[in-house]
Every structure is written in C-alpha cells, then in structure tokens.
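Report on the following structure.
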Amino acid sequence: MQYREIYEASMSDPESFWMGVADGIDWDKRPSRALNAENAPLYEWFTDGMVNTCWNAVDRHVAAGNGDRTAIIYDSPITGAKSKITYADLQSRVASLAGALVARGITKGDRVLIYMSMVPEALVAMLATARIGAIHSVVFGGFAANELAVRLDDATPKAVIATSCGIEPGRVIAYKPLLDEAIDLANHKPETCIILQREQAIATLVPGRDLDWHAAQANVTPTECVSVEGNHPAYILYTSGTTGQPKGVVRPTAGHLVALNWTMKNIYDVDPGEVFWAASDVGWVVGHSYICYAPLIHGNTTIVFEGKPVGTPDAGTFWRVIEEHDVKVLFTAPTAFRAIKREDPKGEFVKKYDLTGLKTLFLAGERADPDTIHWAEDTLKVPVIDHWWQTETGYAIASNPIGIEKMPIKIGSPSVAMPGYDVQILDEGGHAVSPGELGAIAVKLPLPPGTLPTLWKAKDRFIKSYLTQFPGYYETGDAGYVDGDGYLYIMARTDDVINVAGHRLSTGAMEEVLASHPDVAECAVIGVTDALKGQLPMGFLCTNSGTTRSDADIVADCVKLMRDKIGPVAAFKLATIVPRLPKTRSGKILRGTMVKIADNEPFKMPATIDDPIILDEVRDALRVLGYADKNNSNSP
Ligand code: COA
Ligand code: AMP
0 MQYREIYEAS
10 MSDPESFWMG
20 VADGIDWDKR
30 PSRALNAENA
40 PLYEWFTDGM
50 VNTCWNAVDR
60 HVAAGNGDRT
70 AIIYDSPITG
80 AKSKITYADL
90 QSRVASLAGA
100 LVARGITKGD
110 RVLIYMSMVP
120 EALVAMLATA
130 RIGAIHSVVF
140 GGFAANELAV
150 RLDDATPKAV
160 IATSCGIEPG
170 RVIAYKPLLD
180 EAIDLANHKP
190 ETCIILQREQ
200 AIATLVPGRD
210 LDWHAAQANV
220 TPTECVSVEG
230 NHPAYILYTS
240 GTTGQPKGVV
250 RPTAGHLVAL
260 NWTMKNIYDV
270 DPGEVFWAAS
280 DVGWVVGHSY
290 ICYAPLIHGN
300 TTIVFEGKPV
310 GTPDAGTFWR
320 VIEEHDVKVL
330 FTAPTAFRAI
340 KREDPKGEFV
350 KKYDLTGLKT
360 LFLAGERADP
370 DTIHWAEDTL
380 KVPVIDHWWQ
390 TETGYAIASN
400 PIGIEKMPIK
410 IGSPSVAMPG
420 YDVQILDEGG
430 HAVSPGELGA
440 IAVKLPLPPG
450 TLPTLWKAKD
460 RFIKSYLTQF
470 PGYYETGDAG
480 YVDGDGYLYI
490 MARTDDVINV
500 AGHRLSTGAM
510 EEVLASHPDV
520 AECAVIGVTD
530 ALKGQLPMGF
540 LCTNSGTTRS
550 DADIVADCVK
560 LMRDKIGPVA
570 AFKLATIVPR
580 LPKTRSGKIL
590 RGTMVKIADN
600 EPFKMPATID
610 DPIILDEVRD
620 ALRVLGYADK
630 NNSNSP
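According to numbering that gives the first Met the number 0, the residues represented by the sequence shown are 0 to 635, in order.
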C-alpha cells in the first residue's frame, strides 16, 4: 500500500487501522477495542489491554531466540569507553535493577526520577522502572537543582536513580551535589536514591537514603515483567510551557508501544537487527522514543553516544560512529549539523570514513534550514528527511514515510501528516484557512495512540493549554501552512516557547528568574536568531531606581542566576539594561517587535504602541550586543 491509502485508512476506520497495527505488540491481554472516547474530549487508546513495555522492548526478543543480538552500543568519545550489550544481557541487567527497586518497596504506579548522563545504565533504569509498572520521569542533566526540585515536587517519586556525574567537554559536572541540593529545596523527599558511581566524580552517599547501584542489586531476586493496563502511564516527561512550572507530559503505555513500533519500519525504514542512532540525550523526548524505546521495541540496535558533534574529538566523530557501528539511520537536530558544517564546511572529515551503510538522515527538534539540508545532502549523499513532532506526541506528526513510500522531498517542509493525525491550519476564529495561508496548526481530536492523554496531575491545565482555544482540536503551539499537495510548513511558535539548539525553553520561565533579582524592576526575554543554535535567549532588564550596582554587575548576576536556577541548558548569556520596555497602550510587552528588530526583519510599527521612541532605545541596546545592525528595521 502507498502512503495515501494508509493515511486514508487511518482516518476512515481508525478502529481497524490501529487494532491491526497493535498486532506488532505482545499483549498479556489483547484489548477489545482501540479508541476509548467515553471521556471525550479526553481520549485513550487500548484501555482494556494488558501489556508490559519492558517485555516488548527486551524479553520478547530473547524469547524469540534473538538474545545474542546487540541491543545497545555504548560509545563515549568523551571518556574513551565503548561496549556492547546483547538483548540477553540487557534482560538480566534490567531484571536485576527492577529487583532492587522492588526490594526498596517500589511498585506499580510509583514514580522513579532518573537523573543520569549518557550511559547505558540510563536505559537500564528506564526499562527496569517500566518492568515493574512504575512510572519514570527522566530529567536532563543540564538542568539546575532548582528545576530538579520542581520536578521532584510534581512527580513525587519514591526513588531517584542518578549517576554521580555527567561529563561535558573539558569539565565534569557533579550531579550528586545538584541532586542533594534539589532534595533539600523540594518539599517532597524520595525514600531511596540509587547512585551509579562514575569514576570521574565519586559521590558521597547519604546513609539510610542513598545506595550504590551495585550494592543495591546485591542478593536481590531478579523481577519478572508486571502487566499493566493499556492506559497506565509509562512515563512523565516535563517540557517547557509558558510559565516557570513545566508541563508533565504523560505517556500512555499501550499506545506508546503500538505507535513507536509502527514508526520504525514505516517512517525510518529499518528492519530488526539493523543499527539505528538517535544522537540526542535521554533527557529529551527524542532520547526517550528513539534512543531507548522504539529501537528496542522493534528489535534494533540502538546507540548511546556520550559526546558532541564537534570537539569530541573533532567534526568527524559522527562519521566515525556511523562507520564503526554500521549505522543505517542517523537522527539528530539540525543544530548538530550546523555545528559540524561550521568546523568542516568542505566536509573533509566525511571523506575519511566509509559511510556506505548509512541510508538516511532524519532531522527534527527545530526548523531545518535549507542551507543545512543542502550541505548534509551534498556531503553525505543520502536523503535528508525533516520531520516534525513534539514532546506531547512522542513521535512524528508529519514526516516523509520512506518505509512506505519515499514521497518527493520539498526543502523547508517536514512533508505530510502521519496516520491518525488530521492536521488543520486554523485562523484565530478556528476556521480552516486555504492552502498557502498561514495559521495556527491544530490536530483534530482524537490524537492517535501514544500521544499525551493529559498532563500529570493537571487535567485542567491540559484542557486549558491544548483543547480550549480551538474546541475539538489539539493546539500544537506551532504556526504554519499547508501547500496544495498537503505538505506542511512549520514557521514559528505561537507562544513564549523558544528553541535553543533543539532544546525547548520557556521565555516566561526565564522572565520569572530575572524578575527575582532584587535590582530588576521589569524584564522581558526574547529568542533572537542564532546561526548555530537556531535561537538564543536575550534578556532586557529595567532596573529599580536608586540601585547602587553597575549595569555590568546586574547583567553578570542575571546570567549567573539563570544558570543557577534553570541550568546551563538555558544558554542564557545575552542581557542588557534598557530604560523602558516597549509596550502596547494596554501594557503588553511587544516581544515580537523586539525580535524583528534584533533579527533585522521588517516590521510594521504597532498601532497600539505607547511610545515609538522606546523601540529606538531597544535598537541601541541591541547594537551594543552586536544585533540590529541594519537600518531597515522600521520599514513595513
Ligand atoms: N549535563 C550538564 N550540562 C550540560 C549537559 C548535561 N547533560 N548538556 C549540556 N550541558 C551544558 C553544556 O556544557 C553547555 O554549558 P556551557 O554554557 O558552560 O558551555 C550548556 O549546557 C549548553 O549546552 P548545549 O546546548 O549542548 O550547547 P553546546 O555549546 O555545548 O553544544 C551543540 C552545541 C549544537 C553541539 C549541541 O547542542 C548539540 O549537539 N545539539 C544537537 C543534538 C541534541 O542534543 N538535540 C536535542 C534534541 S534532538
Ligand atoms: P520538543 O517538544 O522539545 O520536541 O519541541 C517541539 C517543538 O520543536 C515543536 O512544537 C516545534 O516548534 C519545534 N520543532 C520540532 N520539530 C520541528 C521541525 N521539523 N520543524 C520545525 N520545528 C520543529
């Protein structure tokens, strides 16, 4: 069947379509139906099925006689470590850690927070949690203690599993002191912390609470998989919203298994046994879905890569990994390619390696700019597929489904809607606009299996954030258009979310941090265009009158404050003091106009601006930072 037929089948008879796709999964009890619309507009899938994620990702491959197949390749150019773990080995490691969790009283439905660097044990921790029907929440290592504390309080985990440290180029980041600080800050205190000691920074353990990873597993009984209901949460993954309180995206167990398994062949075109590499981090949704779950569920080999695209040791590291491990598909964010291209514009490193095994490059996480796509195509000589998705969906909303049919590639578009996604472009009143017209991108409910059914302990916020603006639709938060062939174009966010090196960050959360500085009276954070990271946050600060501190000191404080409160991942290094912020007469800060000035884009003078002179003050401040260097900003 071709893409169009498959897509139409998913739309005209979703029940049979998804029940058919569900055959790819081992059920303890097969569900009697796919969609559960009893609580519409809240939907669930495969509610009455019984299933286990870890069984499907690990044990079933061993049971099928593939225990000797490599499940995980660990490659850490940053430490020099390399190893391989077979499915059989993974099964015994996961069963053992699951046994340790059970021994500490963790059972189905309990939460386990995971704060680990890119080591295979991070996947073992996720799978062990899933094995016993507990719910993990992985927190990215680049977040500060304060962000970790917010997640501890929201997810209220009984246990934490952490590495003693993370390793970034040139420095070791001790995670354990950050974890201790977060537990001090949080109201909720986990009962147990299991710490994997990495030799680069051995952590001090708190007696009675902390256990060494190996000691915790000594003499425990390996545990079998616990069957859970189809709608049981597999995990919670926090992502940025418009405020400082992150959104806890809930991933439902059965839909997650069914949908991810389907994507491996149909979108990525890999067969079981082949090597699939997502160069991301387990702390992000790409890492959850495509470093850990999907490749393992589908019986592929996945790569845990601890390094950067450049500098570990050079811009050829990706090509070395592809050659050495015979990678068939690489998936990363465009920013990684921009980093490589900047260091090696002529692609000299590519020539040193045999990349004939690589068949496709997939990009996601941010807009894929045409220059980067062309460079990747020209140097790698493989199709470059842009695809669009979000933490909320867990897999692609739009892609080129090359495993079904390679559709023509249109540069600048992540191609077409995937099965189950009825993507519409709506105007402010919620009416569908014509092809080519820009609007808010919404998906007609229900969303397909595996997507978020709600936010953790925040059903009202889920409804308000996603289902209220356009009744009957899920609001993606992205704006864009569809062309006459049904190809989507993703142009911008409609909210305060910015995208820095493929990482989703909230300018609202950053403003909350800046506003907490005693000398800051008012502030705004915008995302300015950056050639490497796509966007960078920039802060505008109005100081309290009478402050005795210099502007430079206040800016330096604010940069440090952001690193301490949100973490280095915020990449907040640009800030400036301005006398006033540009606002509408009703007091709304004109962030969009400020972005246009910074990026030298034409803009219309907002009719409701309270005083146009303020925009000149903003431009002057931007010029000091090396932005807004052209004089065309005022022209409509
Ligand atoms: N633990 C602690 N700190 C971390 C961290 C972690 N796991 N990951 C990143 N950081 C720190 C970095 O050291 C850096 O700190 P610095 O300001 O002191 O230099 C800061 O957080 C920002 O990190 P990052 O955004 O990764 O920037 P970078 O300059 O180190 O690297 C790229 C830039 C483009 C090479 C890198 O972002 C990259 O490879 N991105 C593409 C892949 C990807 O991860 N995509 C995610 C979604 S698919
Ligand atoms: P995250 O939830 O961190 O994966 O971020 C999701 C957001 O990243 C989307 O809502 C988009 O704004 C952006 N994004 C992801 N993939 C793409 C893409 N292929 N093209 C454009 N923007 C993208």
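C-beta: ideal position from N, C-alpha, C; glycine also.
Alpha carbons only, please: which of the options is nearest the one belonging to residue i?
| i | options | result |
| --- | --- | --- |
| A278 | D270, T242, F361 and V269 | F361 |
| I77 | V303, L560, F330 and L379 | V303 |
| K582 | R562, T607 and P567 | T607 |
| H287 | G393, G298 and V159 | G393 |
| R492 | D484, A500, S505 and V481 | S505 |
| H213 | G247, K345, D609 and V123 | V123 |
| A569 | M509, P312 and R3 | M509 |
| P447 | P13, M490, E228 and V496 | P13 |
| P567 | V481, I5, A143 and T311 | A143 |
| G428 | P434, T390, G449 and T467 | T467 |
| T390 | T203, I160 and V248 | V248 |
| P168 | G79, I410 and D495 | G79 |
| G533 | D368, M417 and G449 | D368 |
| I613 | N299, P578, S31 and K595 | P578 |
| D484 | P434, C557 and L89 | P434 |
| A63 | G272, P601, W276 and L589 | G272 |
| M561 | R548, D179, L589 and V512 | V512 |
| A514 | L487, Y486 and D556 | D556 |
| S136 | P232, T106 and I201 | P232 |
| T450 | D494, L195, L41 and E521 | L41 |
Once you ignore the five residues that flank residue i on each side, which residues in its own chain have a CB closer than 7 Å to its CB?
| i | result |
| --- | --- |
| Q199 | C164, I166 and V171 |
| T371 | P333, F336, R337 and K340 |
| E43 | N35, N230, P251 and P452 |
| Y86 | V57, H60, V61, N65, G66, R68 and A70 |
| P312 | P76 |
| I296 | N55, A56, L256, L259 and N260 |
| G19 | none |
| W388 | A363, Y394, A395 and I396 |
| Y626 | V527 and A597 |
| S9 | F16, P418 and G419 |
Skipping 5 residues on each side, what residues in its chain have a beta carbon closer than 6 Å to that of residue i?
| i | result |
| --- | --- |
| V432 | I424, D426 and G438 |
| R460 | L454 |
| T242 | G507 |
| D628 | none |
| G305 | A small fix is needed here, since residue 305 is Glu in this sequence, not Gly. Counting only Cβ-Cβ distances below 6 Å, and skipping sequence neighbours, we find S75, I77 and M117. |
| V490 | Checking the sequence shown, residue 490 turns out to be Met, not Val. Excluding residues within five positions, the ones whose Cβ falls inside 6 Å are A478 and G479. |
| S82 | Y73 |
| V524 | T506, M509, E510, P536 and G538 |
| Y6 | P418 |
| D385 | L362, A367 and P413 |
| T203 | none |
| A121 | M115 and V281 |
Excluding the 5 residues preceding and the 5 following residue i in the sequence, name in chain order all residues of the same chain whose CB lies nearer than 8 Å to its CB.
| i | result |
| --- | --- |
| I553 | H516, D518, V519, L540, T542, T546 and I576 |
| V442 | I396, Y420, D421, V422, Q423, Y472, Y473 and T475 |
| Y352 | G315, W318, R319, I321 and E322 |
| P221 | S91, A94, S95, A97 and G98 |
| P206 | none |
| D325 | V274 and G356 |
My understanding is that residue i touches residue j, with C-beta atoms under 8 Å, so please give their C-beta distance in whole angstroms.
| i | j | result |
| --- | --- | --- |
| V269 | V328 | 6 Å |
| I290 | Q1 | Going by Cβ atoms, the distance from I290 to Q1 rounds to 30 Å, so no, they are not a contact pair. |
| I113 | I160 | 5 Å |
| V227 | M49 | 7 Å |
| T46 | A129 | Incorrect: roughly 18 Å between the Cβ atoms, too far for contact. |
| request: Would you check if there are 3 or more beta carbon pairs closer than 8 Å linking the segment 259-272 to the segment 519-538? | output: The segment 259-272 is not in contact with the segment 519-538.
| field | Continuous alpha helix (DSSP H) assignments of at least 4 residues falling wholly in the segment 327-384 | value | Here the runs fully enclosed are 333-342 and 369-379.
| query | Using 8 Å as the Cβ pair cut-off and three pairs as the minimum, do the segment 237-248 and the segment 208-227 touch? | reply | Using a Cβ-Cβ distance cut-off of 8 Å, the segment 237-248 and the segment 208-227 are not in contact, since fewer than three pairs of beta carbons, one from each stretch, lie closer than that value.
| task | Just list the alpha helix (DSSP H) runs in the segment 173-204, keeping only unbroken ones of 4 residues or longer that don't cross its boundaries, in chain order. | result | Counting whole runs of 4 or more residues, the segment 173-204 contains the alpha helix (DSSP H) stretches 174-184.
| said: Contact between the segment 90-102 and the segment 175-188 is defined here as three or more beta-carbon pairs at a separation below 8 Å; is this criterion met? | reply: Counting Cβ pairs under 8 Å, fewer than three are found: no touch.
| Are the segment 568-580 and the segment 151-162 touching by the rule of at least three beta carbon pairs closer than 8 Å? | No contact exists between the segment 568-580 and the segment 151-162.
| task | Only counting runs of 3 or more residues, tell me where the beta strand (DSSP E) segments fall wholly within the segment 487-574, in order along the chain. | result | Within the segment 487-574, the complete beta strand (DSSP E) runs of at least 3 residues fall at 487-492, 496-499, 502-505, 519-529 and 533-542.
| message | Could you tell me which whole beta strand (DSSP E) segments of length 3 or greater appear in the segment 297-328? | response | For the segment 297-328, whole beta strand (DSSP E) runs of length 3 or above, ordered along the chain, are 300-304.
| request: Please go through the segment 205-232 and give each complete alpha helix (DSSP H) segment of 4 or more residues, from N-terminal end onward. | output: Within the segment 205-232, the complete alpha helix (DSSP H) runs of at least 4 residues are 212-216.
| field | Continuous alpha helix (DSSP H) assignments of at least 4 residues falling wholly in the segment 438-487 | value | Correct list: 458-461.
| Quick one: complete alpha helix (DSSP H) runs, 4+ long, within the segment 103-176? | For the segment 103-176, whole alpha helix (DSSP H) runs of length 4 or above, ordered along the chain, are 119-130 and 144-154.
| query | Can you find at least 3 beta carbon pairs, one from the segment 555-566 and one from the segment 133-147, that sit closer than 8 Å? | reply | Cβ pair count under 8 Å is three or more, so yes.
| message | In chain order, what are the residue ranges of uninterrupted alpha helix (DSSP H) at least 4 long that sit wholly in the segment 12-98? | response | Within the segment 12-98, the complete alpha helix (DSSP H) runs of at least 4 residues are 13-20.
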